[in-house]
Structures are given as C-alpha cells and as structure tokens.
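Chemist:
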Amino acid sequence: MRAVRYGRYGGPDVLSVVDGLTPPPVGAADVRVRVSAAAVGGGEAPIRAGRLRRVLRQRLPAGTGVDFVGTVAQAGPAVTRASAGDLVWGVMPHGTFGSIAESVVVPQERIAAAPASVPAQEAAALPASGTTALHALTRRGRLRPGQRLLVRGAAGGVGVVAVQLGAALGAHVTALAGADHLSWLGGLGASEAFDHRSTRVQDLGRFDVILDLVGTEMAPLRSRLVRGGTLFPLALDPGRPIRSALWTAAGGLDRRTRLSPFSNDPSPQELEELAALVDEGAVKPVVAAVLSMDDIAQAHRMLERGGVRGKIIVTP
Ligand SMILES: NC(=O)c1ccc[n+]([C@@H]2O[C@H](COP(=O)([O-])OP(=O)(O)OC[C@H]3O[C@@H](n4cnc5c(N)ncnc54)[C@H](OP(=O)(O)O)[C@@H]3O)[C@@H](O)[C@H]2O)c1
2 MRAVRYGRYG GPDVLSVVDG LTPPPVGAAD VRVRVSAAAV GGGEAPIRAG
52 RLRRVLRQRL PAGTGVDFVG TVAQAGPAVT RASAGDLVWG VMPHGTFGSI
102 AESVVVPQER IAAAPASVPA QEAAALPASG TTALHALTRR GRLRPGQRLL
152 VRGAAGGVGV VAVQLGAALG AHVTALAGAD HLSWLGGLGA SEAFDHRSTR
202 VQDLGRFDVI LDLVGTEMAP LRSRLVRGGT LFPLALDPGR PIRSALWTAA
252 GGLDRRTRLS PFSNDPSPQE LEELAALVDE GAVKPVVAAV LSMDDIAQAH
302 RMLERGGVRG KIIVTP
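Plus 1 on top of the position in the sequence shown (first one is 1) and you've got this note's numbering.
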C-alpha cells in the first residue's frame, strides 16, 4: 500500500509517499476502504512542522489526513453499516491521521454512505470540516433563526461549511476572512464579510455564537459575545499553543458567556446528516485544488501560503 508519511518534524518536504506499507488487519467490526479522495486538513501544517508537539502527542513516523471518500473493499463479519462495493465517506479514529493513502482500515462507526449528488473529489472536502461545523452549530450551539453568528476563518475548510450551515439555519452570518473571499462569501450565505487583515475584532458587533478557527486574540473575541452567548474556540494558536490551551481551560470561570471547546469526534449519525444536507443542496463542498498524493508537499506549501478557499483534495 502507498501512503503519505513523515518521520521527522519540518517543512513540507518532510512529507513523502511511502510504498510497500502493510495495510492494518481488518477486525470483525472494521471496514477497509479504498480511498478515492482525501483532504488536507487546515490544522495539519503546524502539526507537521512540530509547532504543536508540546500539546499534541504524535508518534513518528506519522501519516496525514483525517477524512476520506472511497469504496468499501472489505467488511469484517460483524459489520452492519456497509458492504463491499458501497461508496462511503468517513473520518479516521479520533486523534489519528493517515487518510492520505491508497486505503484505510477503520471501525464501522467512522463511516456513512457518501452523498450521492456530488463526485468523490468534491465530497472529500467535507467529512471532518463539515461535521465540525455541524456539531458546533446544531449539537452544542443550537443556533436559532435570527441569531447572530460570527465565523472567524470563514473561507477555510471548516469556515465555508459554517457559513453555509449558519445561513441555512436562518442566522445572520458575519464572516471574517481574507480580502479576496469577501464578496464570494456573500454568495455562500454570509450577511456581511470583513477582511481579517484590516478589521479589528474589537470593532465588530455583538454575537450570540462565535466560531473561531484561528486561535489568536481570544479575549477580545470573547468580549464580542452577548450575555449567555457561546464561543467555540476550535483552533490552537500555533505560535503559542500552550498559552492558547491554558486560556481555553481557564475560560469556564467566567460565567457571563460560555466557552465550548471540543475536538471533533463525529457520530455516524452526524456523517449521515451531513450527507443529507449535501444532497438537499444546503451545504456545497468548496474545493480549492485537486492534487495527486505525490504532490502532498505542494499541498502543504499552498496551505502555508494562505488564501486557500475551502479544502485542498488529494487523490491516491
Ligand atoms: N477542534 C476541532 O474539532 C477542529 C476541527 C477542525 C479544525 N480545527 C482547527 O481549526 C483551524 C482551522 O481549520 P481549517 O481546516 O478551517 O483551516 P484552514 O482551511 O487553513 O482555514 C483557516 C482560515 O483562517 C483564516 N485566517 C487566518 N488568520 C485569520 C484571522 N486573524 N482572522 C480571520 N481569519 C483568519 C485563513 O485565511 P488566510 O488564508 O487569508 O490566512 C484561512 O482561510 C485549524 O487550527 C484546525 O486545527 C479544529
């Protein structure tokens, strides 16, 4: 089996495709999925660079990629959720990486039927980022029509789904993103959009729910919440990850507003619900580029340069 691996932390060139890997065995309740397409996660570049090594324990050599779309090649005898030949999408077991590979072996709870209305190379933009936005806005945030939602990092992998979902739920969506994306975000459902390089967080209005995908300036961001409002601090500041994690941990002490950090660990029902939202047209995948697995270093370079709209897809 071919898969992307890196054996030391460093720049994008530490990533390479390794051939001849032995696929893990398929347990009774596991499936082996032949990957058609996977996505490069926005948070994976700082992990690969070793910038988060003091807060995230990662054993090297490591794989990359947390989600995938593909065809079930083998199903263990206790599998009830899928059969060989089914087109599925899914996520790696919580906290693990390695979907940028020819195949993955995962427990059956990590997959669901892929949406029928979009090709695999587009759907692959969504399993991890889409369920993150869905979990925040519907399970934890319970966003209601007319509420004000701020999405910070709105043009990135998670942000583009949060903007669409927020609009579909009837919220007034404010997007903070790079200047090139502002009018495009209006078309995606944002009621207003501001350039994050020229807009101070302090100058924004008040919000019922804030989804932060950046990790910096968290105290001024929290001060933009109405009383009883919720901030989802989903990213660590890669420049100060320990400080960032401590700030979030201490955040529960202030009861006027709520902090709701989480690490996305979607249920099969969330993967199914997301597929239904795609098939209904409420959520559209946003693909910045489709690259081959051999170009994985280029994909990480693009991510580090910034300005990527949605997700970079990698095909094995
Ligand atoms: N907790 C969880 O469960 C969970 C799940 C998924 C992702 N995450 C984390 O969330 C973060 C984002 O993930 P992603 O996949 O969406 O990444 P991404 O695709 O790289 O998107 C991040 C976006 O943030 C923008 N940005 C950078 N600085 C900003 C600022 N000061 N204000 C507003 N926007 C700014 C970037 O724009 P430019 O390109 O213009 O710089 C980029 O569009 C990562 O840290 C990831 O690890 C957490």
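Where is the CB? At the ideal position from N, CA and C, for every residue including glycine.
1. Is any non-hydrogen atom of ligand 1 found closer than 7 Å to the C-beta of Leu-235, if you look at the structure I gave you?
2. List the residues that DSSP assigns as beta-bridge partners of His-173.
3. Between Ala-246 and Val-67, how many whole angstroms is the CB-CB distance? I'm expecting something under 8 Å.
4. Using the beta-carbon of each residue, find all residues closer than 5 Å to any heavy atom of ligand 1 and list them in chain order.
5. Alpha helix (DSSP H) containing Ala-280: first to last residue?
6. So, with DSSP's three-state summary, where would you put Leu-88?
7. Please report how far the alpha carbon of Gly-12 lies from the alpha carbon of Val-159, in whole angstroms.
8. Terminal residues of the continuous beta strand (DSSP E) containing Ile-297?
9. Residues in the same chain with beta-carbon distance under 7 Å from Gln-59, minus the five sequence neighbours each way, listed in chain order, please.
10. If Glu-271 and Thr-132 are in contact, beta carbons under 8 Å, what's the gap, nearest whole angstrom?
11. Report yes or no: do the segment 119-136 and the segment 281-299 share at least 3 C-beta pairs separated by less than 8 Å?
12. Does the Cβ-Cβ distance between Ala-39 and Ser-130 come in under 8 Å?
13. Taking the Cβ atom as the reference point for each residue, do Ser-84 and Val-73 lie within a distance shorter than 8 Å?
14. Could you name the residues that DSSP lists as bridge partners for Tyr-10?
15. Of all the options Pro-242, Gly-8, Ala-283, which has the alpha carbon lying nearest to the alpha carbon of Gly-44?
16. Check this for me: beta carbons of Leu-235 and Leu-214, under 8 Å apart or not?
17. Below 8 Å, how does it come out for the segment 12-32 and the segment 198-209: are there three or more Cβ pairs, yes or no?
18. Rounded C-beta distance between Leu-278 and Val-284? I'm assuming under 8 Å.
19. Check the C-beta distance from Pro-62 over to Arg-6 and give it rounded, since I have them as a contact under 8 Å.
20. Based on the DSSP secondary-structure assignment, which residues constitute the bridge partners of Glu-45?
21. Restricting to runs no shorter than 3 residues, where is the beta strand (DSSP E) found entirely within the segment 103-165?
22. Going by C-alpha to C-alpha distance, which of Glu-103, Phe-98, Ala-114, Pro-108 sits closest to Pro-78?
23. Decide if Val-251 is buried, meaning its Cβ has at least 16 other Cβ atoms within 10 Å, or exposed.
24. Inspect the beta-carbon positions of Gly-71 and Val-36 and report whether they are closer than 8 Å.
25. For Gly-216, which residues in the same chain have their Cβ closer than 6 Å to its Cβ, ignoring the five residues on either side in sequence?
Modeler: This is what the structure gives:
1. Indexing the sequence shown from 1 puts residue 235 at position 234. Checking every heavy atom of ligand 1 against the Cβ of Leu-235, one is found closer than 7 Å.
2. Here the question's residue 173 lines up with position 172 in the sequence shown. Answer is Arg-149.
3. Numbered from 1 along the sequence shown, position 245 holds the residue referred to as residue 246. Numbered from 1 along the sequence shown, position 66 holds the residue referred to as residue 67. At roughly 20 Å, the Cβ-Cβ gap does not stay under 8 Å, so Ala-246 and Val-67 are not in contact.
4. Gly-43, Gly-44, Thr-133, Arg-153, Gly-154, Ala-156, Gly-157, Gly-158, Val-159, Leu-177, Gly-179, His-197, Leu-214, Val-215, Leu-235, Ala-236, Ser-264, Asn-265, Gly-307, Gly-308
5. One-based indexing of the sequence shown puts residue 280 at position 279. It is Asp, not Ala, that sits at residue 280 in the sequence shown. Unbroken alpha helix (DSSP H) run through Asp-280: 269-281.
6. By 1-based counting over the sequence shown, the position of residue 88 is 87. Reduced to three states, the DSSP call for Leu-88 is strand.
7. For the purposes of this step, residue 12 is taken as residue 11 along the sequence shown, with counting starting at 1. For the purposes of this step, residue 159 is taken as residue 158 along the sequence shown, with counting starting at 1. Near 24 Å, if we compare the C-alpha coordinates of Val-159 and Gly-12.
8. As a first step, residue 297 is located in the sequence shown; it is residue number 296 there, counting from the start. Premise fails: Ile-297 lies in the alpha helix (DSSP H), 297-306, not in any beta strand (DSSP E).
9. One-based indexing of the sequence shown puts residue 59 at position 58. Correct list, in chain order: Ile-48.
10. The residue you call residue 271 lines up with position 270 of the sequence shown. The residue you call residue 132 lines up with position 131 of the sequence shown. Going by Cβ atoms, the distance from Glu-271 to Thr-132 rounds to 5 Å, so yes, they are a contact pair.
11. yes
12. In the sequence shown, the residue the question calls residue 39 occupies position 38. In the sequence shown, the residue the question calls residue 130 occupies position 129. Taking 8 Å as the Cβ cut-off, Ala-39 and Ser-130 do not qualify as a contacting pair.
13. Taking the sequence shown and counting its residues from 1, one reaches residue 84 at position 83. Taking the sequence shown and counting its residues from 1, one reaches residue 73 at position 72. A contact, by the Cβ cut-off of 8 Å.
14. Translated into the one-based positions of the sequence shown, residue 10 becomes position 9. Paired residues: none, contrary to the question.
15. Your numbering for residue 44 matches position 43 in the sequence shown. Considering only alpha carbons, the answer is Pro-242.
16. As a first step, residue 235 must be located in the sequence shown, where it is residue number 234. As a first step, residue 214 must be located in the sequence shown, where it is residue number 213. Closer than 8 Å, so yes.
17. Cβ pair count under 8 Å is below three, so no.
18. Along the sequence shown, one-based indexing puts residue 278 at 277. Along the sequence shown, one-based indexing puts residue 284 at 283. With a Cβ gap of about 4 Å, Leu-278 and Val-284 count as contacting.
19. Walking along the sequence shown from the start, residue 62 turns up at place 61. Walking along the sequence shown from the start, residue 6 turns up at place 5. Correct: roughly 5 Å between the Cβ atoms.
20. Numbered from its first residue, the sequence shown carries residue 45 at position 44. None; Glu-45 has no bridge partner.
21. 104-108, 112-114, 149-153
22. For the purposes of this step, residue 78 is taken as the residue at position 77 of the sequence shown. Comparing Cα positions, the closest option is Pro-108.
23. Here residue 251 corresponds to residue number 250 of the sequence shown, with the count starting at 1. Before going further, note that residue 251 is Ala rather than Val in the sequence given. It is exposed - the Cβ of Ala-251 has fewer than 16 other Cβ atoms within 10 Å.
24. Numbered from its first residue, the sequence shown carries residue 71 at position 70. Numbered from its first residue, the sequence shown carries residue 36 at position 35. Their beta carbons are under 8 Å apart, which means Gly-71 touches Val-36 by this criterion.
25. Counting from 1 along the sequence shown, the entry for residue 216 is found at position 215. Excluding sequence neighbours, Gly-216 sits near Ala-236, Leu-237, Asp-238, Ser-245.
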